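For the sequence shown, this note's numbering gives the first residue as 1276, with consecutive numbering after it.
For each residue, glycine too, the CB sits at the ideal point set by N, CA and C.
These figures come from a predicted structure and were not determined experimentally.
Below is one structure, written out as structure tokens, with a few remarks after it.
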Amino acid sequence: QEEAILALAEGTHVILNTPTGSGKSLVALAMHAFSFAKGRRSYYTCPIKALVNEKFFALIEEFGAENVGLMTGDASVNRDAPIICCTAEIVANMALRDGGLAPIDDLVMDEFHYYADRDRGVAWQVPLLTLPQTRFLLMSATIGDETPFADAIEKLTNKEVRVVRSTHRPVPLHFHYKVVALHEVVRELLRQGKVPAYVVSFTQRDAVEEAQNLTSIDWTTKEEKKALTEALKGTRFTSPFGKTIQRFLKLGVGVHHAGLLPKYRRLVERLAVTGLLKIISGTDTLGVGVNIPIRTVVLTKLCKFDGEKTTIVSARDFHQMAGRAGRRGFDTEGDVVVLAPEHVIENARLEAKAGTDPVKKKRIVRKKPPDRGYQHWDEKTFERLVAAAPEPLVSRFKVSHGMILSMLSRNEGAMPLARLIHRSHDRKTDKRNHGRKAISMVSALLDAGILEWIETSTGGRRIVTNPDLQPDFALDRTLSLFLVEGIAVLDPESPTYALSVLSFAESILENPDFILYRQVDKLKREKIGELKSQGVPFEEREVALEKIDYPKPEAELIYATFNAFVKQHPWVDGENIRPKGIGREMYEGFYSFSDYVKDVGLERGEGLLLRYLSEIVRVLKTGLPSEIKTPAIEEMGVFFETIVREIDSTLVDEWEALRDGRTELLPANAKVEEEPPPKLSPREMEVLARNAAFSIVRAFARGNTTSAMDLLADMAPTGLAPNSSRATITPQRIDAFLDVLFSNEGRLRDDADARAAAHFRVVSRDDEVWKIEQVLVAEEGPTPVSLLFDLHVAETLSRGSAVVSLELPSIEKVEDK
């Protein structure tokens, strides 16, 4: 720390390659302090938003809220502050757009080993190619050979780079290989006081299942249970998976993975800091540096699926995960436990049970390794990883449309782009390929009218971005240009134009496999019921089920359009289009977030669905030229944006709390560029109201009284008078109402016609209550029966989600109608 901080005080660049827990954060703090004292502007950047958010609040405590800002791409706070926390892509975009004029005087790049990330590594390389005015602090526990980066920075800035390297850990680690079941290992850790422990699985499903298994052990005392219950007060566990999370936490077990909603992940992190959680079951996101204080890391496996095949984890990943063990300031040592494969543990248990009896040993039926998703490891594999140095960081430079647009927005022509490719850290042959690809992409952007030629004052010509494009227009995905060109085949006058645009937009997004698998499972369940009712034999049912795939709306048109696009644009280079209909299914069904999660079975992947919907919002907002956005497309954008903001605004809620003086961290005049909830527009309020009303209709149409009661409870206002007609709705009242309604009108419908806007009406609006009417639709069409709701404005604004109470028509009124 002394060596690195003194080097920063001298004004040099620093590459800090030291173990986790060796105090790199203090060096970064010193960088910000030196920069702030000299009136310079410093940036902190890292791979994930969760860590950016964490550092944002940590730096507020050190420098005062008026001096710290945040930018993550979704929202920003105090973006003109002298100290900014942001994701790596934010810095990369600024570097591409402004180069040497970017207001980045000092840059901390934490978790720098992400330089080698297959998808995002280019964002870590770009600043090292384009910011000659910037002083760099690169930090990671697993950089490996620092020489290439030191040389690149010296060449770019003509300033000295100080490399500070150490293998000494202030909190030493002890490594253990165990041929013992997980619950026995964790029980022993608890007995020895080696908790909190983080149990690492490599899939979200395994992480949740392990958490469930671990709740069978009593981890907490009565006093700790009481403290946990108290700590959970004020947290609304309203999403479908929320009740499970709440149950785990009350038992002292946390879950942490990317499929959780951010508010639940942040809650787990906070509770871990207090010491109330003894066990956290999660995925390897732990290795990205999120500040969860851990005494022991337990790895359930040493193999993982890397997106193509199952392989043994890399030495870098192993050391990143292992390095989280041992809390500086809390522990004098940390432990890393690696379990043997499950079948090896089970066979060892059987052998121990047989003892020395040769007959019993002979009768043992040994468990075999899995046929799929498994790569064998043993104690030698474990020892090799413990001793291995991290693999060399490799360049992941690539040219994209977004990169080209950013660089050409400088109005300096194509030379900055050419220089960027020439300076990249790739081999000469790769640079030539990048150059050829860039030429093809520029040509395609010219043809699409996104770029254009202009005459210069010297009589020459220069390529610039089309000035008529909206300021936030972005082509930040490989196939973004396909979306712009592809939708040209659609008829804007068609009543389904907006839906078709949505299908094209979804086709350029990455496939969220978990959601797609659950869509298939749902379709198969429905098909099985249909085939069984028809008396179809088992073998024929199995054949029919094999043919079921997830929904791909307008797939034939999308594939045909894409094939024509590929012929014109050879730079596509093996990329493929991915038709799917997650957003479209939600929009056509007018699903609320919770309804869709329950209907498709996405409880374990709520966070994944939230991120996917956020991507849809971003594409509709910035990926379409403004001139093609019809009112229907704008309305669609509001629908998805309202859902995203309703479901999780944890961080923004904290900004609001700080701004309102409920803590002393953020001043009342802090500037929030993106207006977060609870400030909902009337259109957004109406979307929330319509979603809430139809979620009740859907439950009624399916005769699911339990679901209807749960929904009404989740959406109920506080303090509703117990003697009011709206507070006395019971399952019996709902059943009686539905019996009469079904006998008079037949079954209710929840299809597209039933969801039509014509059947929903805001009867009246005032500052306290909106009166809402939802007409019920049966097989023969609209019925004379409506559900009447009160939308409670103040609580809706406060929660950021619909707060409604239902007035259920009396049976007499239904019979009369």
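What is the DSSP secondary structure of PRO1845, counted as helix, strand or coil?
DSSP places PRO1845 in helix when its eight states are reduced to three.
Within a Cβ cutoff of 6 Å, which residues of the same chain sit near PHE2064, ignoring the five residues on either side of it in sequence?
Taken in chain order, the residues that qualify are ALA1968, ILE2047, VAL2079 and LEU2081.
Would GLY1858 pass as a contact of LEU1885 if the rule is Cβ separation under 8 Å?
It is not a contact, given that the beta carbons lie outside the stated cut-off.
Would DSSP call LEU1507 helix, strand or coil?
Reduced to three states, the DSSP call for LEU1507 is coil.
How about ALA1416 and GLY1598: do their beta carbons lie closer than 8 Å?
Judged by beta-carbon spacing, GLY1598 lies within the 8 Å limit of ALA1416, meaning their Cβ atoms are closer than that value.
Would VAL2060 pass as a contact of LEU2051 if the rule is Cβ separation under 8 Å?
The Cβ atoms of VAL2060 and LEU2051 lie closer than 8 Å to each other.
If you draw a straight line from the C-alpha of THR1478 to the C-alpha of ARG1793, how long is it?
Whole-angstrom Cα-Cα distance: 15 Å.
Between the C-alpha atoms of GLU1435 and LEU1382, what's the straight-line distance to the nearest angstrom?
Going from the Cα of GLU1435 to the Cα of LEU1382 covers about 15 Å.
Taking the DSSP output, what are the residues bridged to PRO1447?
In the DSSP output, where bridge partners are listed per residue, PRO1447 has none listed.
Would you verify that the beta carbon of GLU2082 is, or is not, closer than 8 Å to some beta carbon of chain B?
Given the protein chain composition of this structure (a single chain), no chain B is represented.
Let me check understanding here. Comparing Cα to Cα, which of LEU1526, LEU1832, LEU1668 and THR1575 lies closest to CYS1491?
The question names Cys, but residue 1491 is Ser in the sequence shown. Looking only at LEU1526, LEU1832, LEU1668 and THR1575, the smallest Cα-Cα distance to SER1491 is reached by LEU1526.
Let me check understanding here. Comparing Cα to Cα, which of VAL1875, THR1513, ALA1547 and PHE1516 lies closest to VAL1528?
Taking only the C-alpha atoms, the option nearest VAL1528 is ALA1547.
Is the segment 1860-1879 in contact with the segment 1443-1458, if contact means three or more CB pairs nearer than 8 Å?
Between the segment 1860-1879 and the segment 1443-1458 there are fewer than three C-beta pairs closer than 8 Å, too few to call the two in contact.
Just the Cα atoms here: how many angstroms apart are SER1775 and ALA1974?
The alpha-carbon separation between SER1775 and ALA1974 amounts to approximately 28 Å.
With DSSP as the reference, identify every bridge partner of ARG1659, one or two as the case may be.
In the DSSP output, where bridge partners are listed per residue, ARG1659 has none listed.
Going along the chain, which residues of its own chain have a beta-carbon closer than 7 Å to the beta-carbon of ILE2004, five neighbours each way excluded?
Non-local beta-carbon contacts of ILE2004 in its own chain, meaning distances under 7 Å to residues more than five positions away in sequence, involve LEU1987, LEU2081 and LEU2083 in chain order.
If we count the other Cβ atoms within 10 Å of its Cβ and call it buried at 16 or more, is TRP1494 buried or exposed?
Around the beta carbon of TRP1494, 16 or more other beta carbons lie within 10 angstroms, which makes this residue buried.
Closer than 6 Å by C-beta to GLY2021: which residues in its own chain qualify, once you throw out the five before and the five after it? Chain order, please.
Closer than 6 Å at the Cβ level, and outside the excluded window around GLY2021, lie ALA2053 and GLU2054.
Kindly list the residues whose CB is nearer than 6 Å to the CB of GLY1557, restricted to its own chain and excluding five residues on each side of it in sequence; keep chain order.
Contacts found: ALA1482, HIS1531 and HIS1532.
Tell me the residue span of the beta strand (DSSP E) that contains ARG2008.
Counting along the chain, ARG2008 falls outside any beta strand (DSSP E), though it belongs to the alpha helix (DSSP H) covering 2006-2020.
In angstroms, rounded to a whole number, what distance separates the CA positions of ILE1280 and ALA1308?
Straight-line measurement puts the Cα of ALA1308 at about 11 Å from the Cα of ILE1280.
Between which residues of its own chain and PRO1644 is the CB-CB distance below 6 Å, once the five residues before and five after are set aside?
Spatial neighbours of PRO1644 in its own chain (CB-CB distance under 6 Å, excluding positions within 5 residues in sequence) are listed in chain order as HIS1618.
4-residue-minimum alpha helix (DSSP H) runs that sit fully inside the segment 1631-1695, ordered along the chain
You should have 1633-1638, 1654-1662 and 1676-1683.
Is it the case that the segment 1534-1553 contacts the segment 1504-1521, given that we only count it when at least three CB pairs across the two stretches are under 8 Å?
Counting Cβ pairs under 8 Å, three or more are found: they touch.
Is the segment 1380-1398 touching the segment 1426-1446, taking contact as three or more C-beta pairs under 8 Å?
No, because fewer than three Cβ pairs between the segment 1380-1398 and the segment 1426-1446 fall closer than 8 Å, the two stretches do not touch.
Could you check whether GLY1761 and PHE1779 sit closer than 8 Å to each other, using their CB atoms as the reference points?
Here PHE1779 is near GLY1761, since their CB atoms are less than 8 Å apart.
Curious, which full-length alpha helix (DSSP H) runs of at least 4 residues does the segment 2052-2082 contain?
Taking 4 residues as the minimum length, the alpha helix (DSSP H) runs contained wholly in the segment 2052-2082 are 2068-2074, in order along the chain.
Which of the three DSSP states is assigned to GLY1609 in this structure?
Residue state, collapsed to three classes: strand.
Output the distance between the C-alpha atoms of LEU1464 and ASP1985, rounded to the nearest integer angstrom.
Our two residues, LEU1464 and ASP1985, have alpha carbons roughly 39 Å apart in a direct line.
Using 8 Å as the threshold, is the C-beta distance between LEU1791 and LEU1680 below it?
Against a cut-off of 8 Å, the Cβ pair of LEU1680 and LEU1791 comes out as no contact.
Candidates ASN2019, ARG2024, ALA2033 and GLY1978: which alpha carbon is nearest ILE2009's?
The residue among ASN2019, ARG2024, ALA2033 and GLY1978 with its C-alpha nearest the C-alpha of ILE2009 is GLY1978.
Spatially closest choice to LEU2013 from TRP2045, HIS2034, THR1980 and ARG1354, by CA coordinates
LEU2013 has its Cα closest to that of THR1980, out of TRP2045, HIS2034, THR1980 and ARG1354.
List the endpoints of the continuous alpha helix (DSSP H) containing GLU1463.
Start and end: 1457-1466.
Since VAL2038 sits in a beta bridge, which residues does DSSP pair it with?
DSSP lists no partner for VAL2038.
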